[in-house]
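*Asks:* Just so you know, the protein sequences line up as chains U and E, in that order.
Under the UniProt record's numbering, read the first sequence as residues 1 to 307, first letter to last.
Under the UniProt record's numbering, read the second sequence as residues 1 to 307, first letter to last.
Protein chains: 2
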Amino acid sequence: MSNINDVARLAQVSKATVSRVLSGSRGVKEESRQAVLRAAEILNYKPNAIAQSLSSQSTNCIGVICATEHIQQSTGYLQALEKQLSRHRKHLLLRFANDDKSLMHAVEELSNGMCDALVVVGARFPLPELPEEIVLIDCLNPSSGNSVQCDRIFAAETAVHYLCSQQRRNIALVNFPGGEAATLTMDGYRQALHNYVVPFNRQLVVENEPSLRIALQKLINSGVKFTALLVTNDSQAQEAVMMLNQYQLSVPEKVMVFSLDGSTRLPGASTIPAIEYPLENIARRAVELLLGERHNSDVVRGSLLIA
Amino acid sequence: MSNINDVARLAQVSKATVSRVLSGSRGVKEESRQAVLRAAEILNYKPNAIAQSLSSQSTNCIGVICATEHIQQSTGYLQALEKQLSRHRKHLLLRFANDDKSLMHAVEELSNGMCDALVVVGARFPLPELPEEIVLIDCLNPSSGNSVQCDRIFAAETAVHYLCSQQRRNIALVNFPGGEAATLTMDGYRQALHNYVVPFNRQLVVENEPSLRIALQKLINSGVKFTALLVTNDSQAQEAVMMLNQYQLSVPEKVMVFSLDGSTRLPGASTIPAIEYPLENIARRAVELLLGERHNSDVVRGSLLIA
DNA sequence: CTGTTAGCGCATTCAT
DNA sequence: ATGAATGCGCTAACAG
């Protein structure tokens with residue numbers, strides 16, 4: 001690879017002039033300018049990004065740590081993020097993590113000057129203590145300052161409204177395993193029930209079970225009657241549908257399943273109603289936070305998506 | 001952030017000694033060694049990756065350009081790749097691309113010294129001319145030297161064998177849109193039919209249609225009878241199942257759908273039989289190619305996956 | 001064993 | 001308008 005010296009020599013100017021021409025700064029005689037551009041063209045010269053980074057004290061890399069548990073969801077975020085980042089000429093350094101330990105590990109490995117900022121996406125486990133400046137997207141627990149979250153209250157409310165409008169008033173909920181998201185979802189759920197004058201039945205809510213399978217099992221075993229089931233995302237919904245069918249609880253005839261996050265539906269989508277979040281918006285806001293254009297938390301509303 | 005000078009000063013040694021301790025570490029008096037480690041600990045010092053890269057002329061970044069068209073598939077590769085790369089202390093710089101133009105663009109943007117190597121994953125479109133050293137994973141057209149490909153012949157053969165064993169002998173095929181993958185798939189398909197003494201019927205094969213929807217439409221309209229349908233991946237399969245059901249061609253009773261690549265099934269998996277590829281192996285081989293441990297093409301066999 | 005020095009490629013003063 | 005010099009943080013060659 002040719003470097004700035006090669007170009008300078010060929011163009012018969014100094015390194016400084018080459019740098020000036022290619023970095024946009026004006027105050028260069030048109031003649032030298034052309035000479036530099038020609039030389040660069042001939043040598044197929046690209047300024048070395050690493051040297052630029054060292055000099056400017058800023059790589060243009062953003063570290064993105066993506067939770068693996070709900071990959072289908074996270075992938076949508078990845079795409080949306082990459083799109084926004086590349087619009088800002090930023091690069092996306094990717095890492096996966098499936099628990100607090102590996103997350104922490106990833107954060108440390110990316111904290112050696114290689115990245116200008118970090119994002120954590122879709123972590124559904126309790127987050128460890130993280131550096132304040134990390135941006136959280138759709139994580140359970142906004143322990144850090146900067147975050148973009150989904151409006152869980154609104155989602156749960158909307159879901160309940162929809163189900164009630166479908167004459168399903170015995171609505172079960174398999175909630176998040178904890179964190180603020182769980183609390184907010186519960187709030188929305190209760191609030192909406194209240195609006196419809198449906199009594200709240202504690203037995204219809206399952207929380208803190210290790211898997212949907214177990215949670216749903218517990219719900220069914222309890223013998224409580226339900227005509228609808230709220231779950232936190234599409235993959236849970238898929239699993240729920242299969243299980244319910246096995247138990248002769250046909251979907252949607254006997255039980256209507258509702259996904260509280262169907263943001264990244266597959267092409268051959270299911271007919272399960274869901275709340276869909278605007279991934280582009282979320283990514284855009286996240287990038288704004290990253291680039292320091294704003295500093296606070298940000299809540300995004302999804303919209304009802306029915307077949 | 002503290003730098004090597006801070007550590008040297010605090011440890012009362014020179015930069016070189018600090019570097020020695022934290023890098024190769026041999027030939028340093030135990031006493032200085034401890035002093036350096038202590039100082040580094042106190043200052044929470046991490047060697048600056050960018051400076052290291054500039055000095056060593058090698059970032060530890062691998063650029064991965066991921067085709068977006070079949071994201072569900074690609075995501076599996078992404079995870080597997082990241083895992084293998086991090087085992088080798090390499091970082092994954094992610095880019096998405098959906099056609100030859102954006103692919104080329106991505107390649108250029110990553111060719112400024114920021115990456116040590118590049119990978120393209122899952123490109124289902126004809127590839128443009130690319131630098132020879134790029135590694136291709138599961139792409140249609142191995143125009144470049146280094147690539148890891150799926151054994152399409154074997155996949156198609158295996159699929160046909162399975163379907164014949166299920167008494168389905170009228171097997172339709174919606175093939176890849178072109179490239180070597182299409183040819184090989186066709187080869188395997190014909191070979192297996194030949195083995196089972198099933199005559200080859202050109203009408204059963206649809207190629208070069210813009211979407212599965214259209215391809216399948218064409219197949220159905222042609223009036224040709226088929227009791228099985230080979231498609232190239234799970235998302236195509238999903239769509240096919242929906243369409244077939246709409247046309248009263250119930251799956252799997254009337255038509256059995258078979259996915260030639262079901263590598264990244266969702267949790268609530270479907271019951272569609274498929275060929276599954278060992279993503280870990282593929283990623284491992286790709287990384288070997290990347291790190292220059294080998295130089296050639298590599299073909300990986302999948303295995304039959306039935307519910 | 002260890003300190004000094006010279007790059008790595010570039011951007012940015014500071015003179016001219 | 002432009003060239004020479006300096007520094008970004010680190011590693012490696014060389015000289016003690």
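Glycine is no exception: its CB is placed at the ideal position from the N, C-alpha and C atoms.
Work out the CA separation of V255/U and residue 308/E for me, nearest whole Å.
*Replies:* Absent from the model: residue 308/E. The displayed extent of chain E is 1 to 307, so no value can be given.
*Asks:* Mind listing the chain U neighbours of Q167/E? Cutoff is C-beta to C-beta under 8 Å, in chain order.
*Replies:* The contacting residues do not exist; Q167/E stays about 26 Å from chain U at best.
*Asks:* Check each candidate in Q167/E, H194/E, Y77/E and name the one with the smallest Cα separation from A286/E.
*Replies:* Y77/E
*Asks:* Taking the beta carbon of S235/U as the centre, do at least 16 other beta carbons fall within 10 Å, making it buried, or is it exposed?
*Replies:* S235/U should be labelled buried.
*Asks:* When we look at the beta-carbon of K29/U and count the other beta-carbons within 10 Å, is it buried (16 or more) or exposed?
*Replies:* Answer is exposed; the Cβ neighbour count stays below 16.
*Asks:* Ignoring anything shorter than 4 residues, give me the alpha helix (DSSP H) runs that lie fully in the region 3-49 of chain U, in order along the chain.
*Replies:* 4-11, 15-23, 30-43
*Asks:* Find the residues of chain E that neighbour G113/U, judging by a C-beta separation of less than 8 Å, and give them in chain order.
*Replies:* M1, K46, N48, A49, I50, A51
*Asks:* I'd like the list of long-range same chain contacts for residue 309/U, defined as Cβ closer than 7 Å, with 5 residues on each side in sequence excluded.
*Replies:* Because residue 309/U is not part of the residues shown, which for chain U are 1 to 307, the question remains open.
*Asks:* For the structure I just gave you, are there three or more beta carbon pairs, one from the region 88-98 of chain U and one from the region 72-92 of chain E, closer than 8 Å?
*Replies:* yes
*Asks:* So, do the region 123-136 of chain E and the region 153-163 of chain E have three or more beta carbon pairs nearer to each other than 8 Å?
*Replies:* no
*Asks:* Comparing alpha-carbon positions, which option in Q217/E, C66/E, A51/E lies nearest V107/E?
*Replies:* C66/E
*Asks:* Span of the beta strand (DSSP E) holding F176/U?
*Replies:* That residue, F176/U, is in no beta strand (DSSP E); it is neither H nor E in DSSP.
*Asks:* Could you tell me the distance, in whole angstroms, from the CA atom of K90/E to the CA atom of I62/E?
*Replies:* A straight-line Cα-Cα distance of about 7 Å links K90/E and I62/E.
*Asks:* When the Cα atoms are used, what is the spatial distance from H105/E to P128/E?
*Replies:* 11 Å
*Asks:* Once you ignore the five residues that flank K218/E on each side, which residues in its own chain have a CB closer than 7 Å to its CB?
*Replies:* Excluding sequence neighbours, K218/E sits near V206, E209.
*Asks:* What is the residue span of the alpha helix (DSSP H) that I71/U lies within?
*Replies:* 71-87
*Asks:* When the Cβ atoms of the region 248-263 of chain U are set against those of the region 219-233 of chain U, are three or more pairs found closer than 8 Å?
*Replies:* yes
*Asks:* Classify M1/E as buried or exposed, calling it buried when 16 or more other Cβ atoms lie within 10 Å of its own Cβ.
*Replies:* So M1/E counts as exposed.
*Asks:* Confirm, please, whether the CB-CB distance from I153/U to D187/U is below 8 Å.
*Replies:* yes
*Asks:* Report the three-state DSSP secondary structure of H295/U (helix, strand or coil).
*Replies:* coil
*Asks:* So the beta strand (DSSP E) F258/E belongs to, where does it begin and stop?
*Replies:* 256-259
*Asks:* Comparing the C-beta of residue 326/E with each C-beta of chain U, is any distance below 8 Å?
*Replies:* Any property of residue 326/E remains undetermined from this structure, which presents chain E solely from 1 to 307.
*Asks:* Buried or exposed for I306/U, going by 16 or more other Cβ atoms inside 10 Å?
*Replies:* exposed
*Asks:* Decide if Y247/E is buried, meaning its Cβ has at least 16 other Cβ atoms within 10 Å, or exposed.
*Replies:* exposed
*Asks:* What residues in the region 82-111 of chain E bring their beta carbon closer than 7 Å to a beta carbon of chain U?
*Replies:* E82, H91, L92, L93, L94, R95, F96, S111
*Asks:* To which residues does DSSP link H194/E through a beta bridge?
*Replies:* Paired residue(s): none; H194/E is not in a bridge.
*Asks:* Is it true that the CB of V120/E sits closer than 8 Å to the CB of L92/E?
*Replies:* Against a cut-off of 8 Å, the Cβ pair of V120/E and L92/E comes out as no contact.
*Asks:* Any idea if H88/U is buried or exposed, counting beta-carbon neighbours within 10 angstroms, 16 or more meaning buried?
*Replies:* exposed
*Asks:* Can you give me the C-alpha to C-alpha distance between A237/E and V251/E, rounded to a whole angstrom?
*Replies:* 11 Å
*Asks:* For E293/U, does the count of other Cβ atoms within 10 angstroms reach 16, so buried, or fall short, so exposed?
*Replies:* exposed
*Asks:* Listed from N- to C-terminal order along the chain, which residues in the region 65-84 of chain E have their beta-carbon within a distance smaller than 8 Å of any beta-carbon of chain U?
*Replies:* T68, I71, Q72, T75, L78, Q79, E82, K83
*Asks:* Using DSSP with H/G/I as helix, E/B as strand and the rest coil, what is V206/E?
*Replies:* strand
*Asks:* List the residues that DSSP assigns as beta-bridge partners of I62/E.
*Replies:* L92/E, A117/E
*Asks:* Say whether chain E places a C-beta atom closer than 8 Å to the C-beta of L54/U.
*Replies:* yes
*Asks:* Return the residue from the list S303/U, N281/U, L304/U that minimises the CA-CA distance to I137/U.
*Replies:* N281/U
*Asks:* How far does the alpha helix (DSSP H) with L244/U in it reach, from first residue to last?
*Replies:* 234-246
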